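Chemist: First residue of the sequence shown? That's 2 in my numbering, and the numbers climb one at a time after it.
Beta carbons: idealized from backbone N, C-alpha and C, even for Gly.
Predicted, not measured: the structure shown is a model, and the values here were computed from it.
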Amino acid sequence: MKKRYVVVLAAGQGTRMKSKLYKVMHPILGRPMVGHVVDAALGAKVDRVITITGFGADVIKDYLGEKSEFVYQEEQLGTAHAVEQARDLLEGQEGTTVVLSGDTPLLTAETIANLMDFHEREEAKATVLTAMADDPFGYGRVIRAEDGSVGKIVEEKDASEEERLVREINTGTYCFDNEALYEILNQVDNNNAQGEYYLPDVVEILNEKNEIVSAHTLENMDESLGVNTRVALSQATKIMRERINKQHMINGVTLIDPENTYIEMDVEIGRDTVIEPNTYLKGKTVIGEDVFVGMNTMIEDSIIEDHAEVTQSVIENSIIRSGADVGPHSHLRPKSEIGEGAHIGNYVEIKKATIGKKTKVGHHTYVGDAKVGEDVNIGCGVVFANYDGKSKSTTTVGDHSFIGSNSNLVAPVNLGDNSFVAAGSTITEEIPENALGIARARQVNKEDFYTEYFKEENK
Ligand code: UD1
Ligand code: CA
Numbered sequence: 002m003k004k005r006y007v008v009v010l011a012a013g014q015g016t017r018m019k020s021k022l023y024k025v026m027h028p029i030l031g032r033p034m035v036g037h038v039v040d041a042a043l044g045a046k047v048d049r050v051i052t053i054t055g056f057g058a059d060v061i062k063d064y065l066g067e068k069s070e071f072v073y074q075e076e077q078l079g080t081a082h083a084v085e086q087a088r089d090l091l092e093g094q095e096g097t098t099v100v101l102s103g104d105t106p107l108l109t110a111e112t113i114a115n116l117m118d119f120h121e122r123e124e125a126k127a128t129v130l131t132a133m134a135d136d137p138f139g140y141g142r143v144i145r146a147e148d149g150s151v152g153k154i155v156e157e158k159d160a161s162e163e164e165r166l167v168r169e170i171n172t173g174t175y176c177f178d179n180e181a182l183y184e185i186l187n188q189v190d191n192n193n194a195q196g197e198y199y200l201p202d203v204v205e206i207l208n209e210k211n212e213i214v215s216a217h218t219l220e221n222m223d224e225s226l227g228v229n230t231r232v233a234l235s236q237a238t239k240i241m242r243e244r245i246n247k248q249h250m251i252n253g254v255t256l257i258d259p260e261n262t263y264i265e266m267d268v269e270i271g272r273d274t275v276i277e278p279n280t281y282l283k284g285k286t287v288i289g290e291d292v293f294v295g296m297n298t299m300i301e302d303s304i305i306e307d308h309a310e311v312t313q314s315v316i317e318n319s320i321i322r323s324g325a326d327v328g329p330h331s332h333l334r335p336k337s338e339i340g341e342g343a344h345i346g347n348y349v350e351i352k353k354a355t356i357g358k359k360t361k362v363g364h365h366t367y368v369g370d371a372k373v374g375e376d377v378n379i380g381c382g383v384v385f386a387n388y389d390g391k392s393k394s395t396t397t398v399g400d401h402s403f404i405g406s407n408s409n410l411v412a413p414v415n416l417g418d419n420s421f422v423a424a425g426s427t428i429t430e431e432i433p434e435n436a437l438g439i440a441r442a443r444q445v446n447k448e449d450f451y452t453e454y455f456k457e458e459n460k
């Protein structure tokens, strides 16, 4: 088989995005656009991926790392000039070169592989991936010759009125015979409306030399969406969301309302899990089987084991063990672990704490920097006071303990197994195993207080 190379164009600033962030680093469902493009290229099993960087070169390089080689384009003089930058790496080498745009994130590995196969079968010097657009505005138009072959590509800004009516567009994706590409690339000039070296001009040059230029038309126009503006970014996000959600449903996950469920690229979900609307699952989240994710939930970089339930809550970088339940309206901050069958009810905040098996933290409680044992009951309104204004300290609570409502556990403090805390206590010292700690003022009743107090008024 021929060697296959990919050149990804990612040097542009993306002026039309009006953003501090470089265009190709704008994420779609948790992955920067250029990541989607490079992953698709790698999925098509190519021998080399070379990314052309300019604006944001370091950021893009850091992000892609080992996945690509990099060439720096100092000045962005156009797409042909960008491909020219890889000359030292590719010139004279036998093989097929695919050029992809870093801002075309919906293109699939399958499409890229099909394009290369088609191109090689046709023995063409260039093959343009085209699509039929409902609204071709902004894209280069594919102008067919009389025999139906591709004559040339004209950019929006250079097109005549008649040419603008053409609905067939250049997707910005091409296959070239690598040797032929670098033989003619420096013949491209910049005599056009934008004063740029246009890669699509290669088509006309090859035609003049009577070389074979072919076109492959995408069935699914969606894939060719080029993201130049935030409007297109939202369209791409919608299409990507539909793709991801559909795959999860095919795999056996119930999405009550897929239109209002956002699942990022790397999230895994087991069978028979049910996900309610307005849920956002992010990062490297792994959700088991038979999990229930109730509405308005955000889960990021977390593990939710089988049979767990999370409702109307925010879960960050935490683990919820099998059969545990969280919410409504609770917040697990990073490094929290909720044990098997434990119950975290409403308005509970947990930070960097482990909660043992079957322990209950039902209502209005803050647990920070703590290790809470198994089968513990934490009453309403308990505060783990972990911060003294200077540093954070930890609290441990032994198995089978009972923390009465509205208590403060002032860290650092240890409570042994089977310990009790009387409601309303402020605990600052250790409670040994099996002991009850009471730390509050004694109640005093003043008899006949009311009548004494209102004596004057009642006369
Ligand atoms: C380009 C095509 C157009 C096609 C469209 C599809 C040209 C001249 N036009 O237009 O025919 O319909 O894509 O989406 O190619 N880039 C560089 N270096 C440069 C210039 C651009 O790396 O010097 C990169 C950009 O970062 C971007 C990609 O090339 O990722 C395409 O450039 P862009 O300016 O977005 O081209 P379009 O106007 O969209
Ligand atoms: Ca573009």
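(1) Give a yes or no on whether the C-beta atoms belonging to residue 208 and residue 214 are separated by under 7 angstroms.
(2) From residue 398 to residue 416, what distance separates their C-alpha atoms?
(3) Identify which residue in 54, 229 and 181 has its Cα closest to the Cα of residue 211.
(4) Got a sec: does ligand 2 put a non-hydrogen atom nearer than 6 angstroms to the Cβ of residue 115?
(5) Tell me whether residue 83 is buried or exposed, calling it buried when 16 or more other Cβ atoms sit within 10 Å of its Cβ.
(6) Within 6 angstroms: the Cβ of residue 229 and any heavy atom of ligand 2?
(7) Please report the residue range of the alpha helix (DSSP H) in which residue 66 lies.
(8) Identify every residue that forms a DSSP beta bridge with residue 145.
(9) Contact check, residue 17 vs residue 279 under 8 angstroms by CB: the rounded distance?
(10) Of all the options 354, 86 and 3, which has the alpha carbon lying nearest to the alpha carbon of residue 387?
(11) Out of 431, 396 and 139, state which residue places its alpha-carbon closest to the alpha-carbon of residue 351.
(12) Is it right to say residue 1 is buried, meaning 16 or more other beta carbons lie within 10 angstroms of its own, or is it exposed?
(13) Using 10 angstroms around the beta-carbon of residue 246, count the other beta-carbons present and answer buried if the total reaches 16, otherwise exposed.
(14) Between which residues of its own chain and residue 294 is the CB-CB distance below 6 angstroms, once the five residues before and five after are set aside?
(15) Considering only C-alpha positions, which residue in the set 451, 256, 135 and 206 is nearest to residue 165?
(16) Quick check: residue 110 and residue 44, are their CB atoms within less than 7 angstroms of each other?
(17) Within the present structure, is the beta-carbon of residue 102 separated from the nearest heavy atom of ligand 1 by less than 6 angstroms?
(18) To the nearest angstrom, report how far apart residue 224 and residue 407 are at their CA atoms.
(19) With 16 as the cutoff for other CB atoms within 10 Å, does residue 436 come out buried or exposed?
(20) Let me know if residue 450 comes out buried or exposed under the rule of 16 or more other beta-carbons within 10 Å of its beta-carbon.
(21) Can you tell me which of 150, 98, 57 and 34 puts its alpha carbon nearest to the alpha carbon of residue 108?
(22) Kindly indicate which residue of 49, 21, 29 and 447 has the alpha-carbon position closest to the one of residue 56.
(23) Regarding residue 140 and ligand 1, is the C-beta to nearest heavy atom distance less than 6 angstroms?
(24) Closest by CA to residue 201, which one among 370, 102 and 439?
(25) Let me confirm a value: residue 63 is counted as buried when at least 16 other C-beta atoms fall within 10 Å, else exposed. Which label applies?
(26) Just the C-alpha distance for residue 409 and residue 343, rounded to the nearest angstrom, thanks.
(27) Would you kindly work out how many angstroms separate the C-alpha atoms of residue 95 and residue 232, rounded to a whole number?
(28) Sort out for me which residues DSSP pairs residue 310 with in a bridge.
(29) Which one or two residues does DSSP pair with residue 361 in a beta bridge?
(30) Whole angstroms is fine: what's the gap from residue 1's alpha carbon to residue 346's?
(31) Just reading off the alpha helix (DSSP H) that residue 43 is part of, what are its end residues?
(32) Exposed or buried, residue 178, counting other C-beta atoms within 10 Å across all chains shown (16 or more means buried)?
(33) Give me the Cα-Cα distance between residue 296 and residue 366, rounded to the nearest whole angstrom.
(34) Taking DSSP as the reference, what is the three-state secondary structure of residue 4?
(35) Under three-state DSSP, which class holds residue 171?
(36) So residue 434 packs on residue 420, CB below 8 angstroms; how close in whole Å?
Modeler: According to the structure shown:
(1) Taking 7 angstroms as the Cβ cut-off, residue 208 and residue 214 qualify as a contacting pair.
(2) Distance between the alpha carbons of residue 398 and residue 416: 5 angstroms.
(3) 181
(4) It does not: the Cβ of residue 115 is nowhere closer than 6 angstroms to a heavy atom of ligand 2.
(5) buried
(6) yes
(7) It is not in any alpha helix (DSSP H) - residue 66 carries neither H nor E in the DSSP assignment.
(8) 151
(9) That belief does not hold up - the Cβ atoms of residue 17 and residue 279 are roughly 30 angstroms apart, past 8 angstroms.
(10) 354
(11) 396
(12) Beyond the ends of the chain as shown, which are 2 and 460, falls residue 1; an answer cannot be given.
(13) buried
(14) Within the same chain, residue 294 has close Cβ partners 276, 280 and 311.
(15) 135
(16) yes
(17) yes
(18) C-alpha separation (whole angstroms): 57 angstroms.
(19) exposed
(20) exposed
(21) 34
(22) 21
(23) Taking the Cβ of residue 140 as the reference point, at least one heavy atom of ligand 1 falls within a distance shorter than 6 angstroms.
(24) Ranking 370, 102 and 439 by Cα distance to residue 201 puts 102 first.
(25) exposed
(26) C-alpha separation (whole angstroms): 21 angstroms.
(27) 40 angstroms
(28) 293 and 326
(29) 344 and 378
(30) Nothing in the structure corresponds to residue 1, since the chain is present only between 2 and 460.
(31) 34-44
(32) buried
(33) 22 angstroms
(34) coil
(35) strand
(36) 7 angstroms
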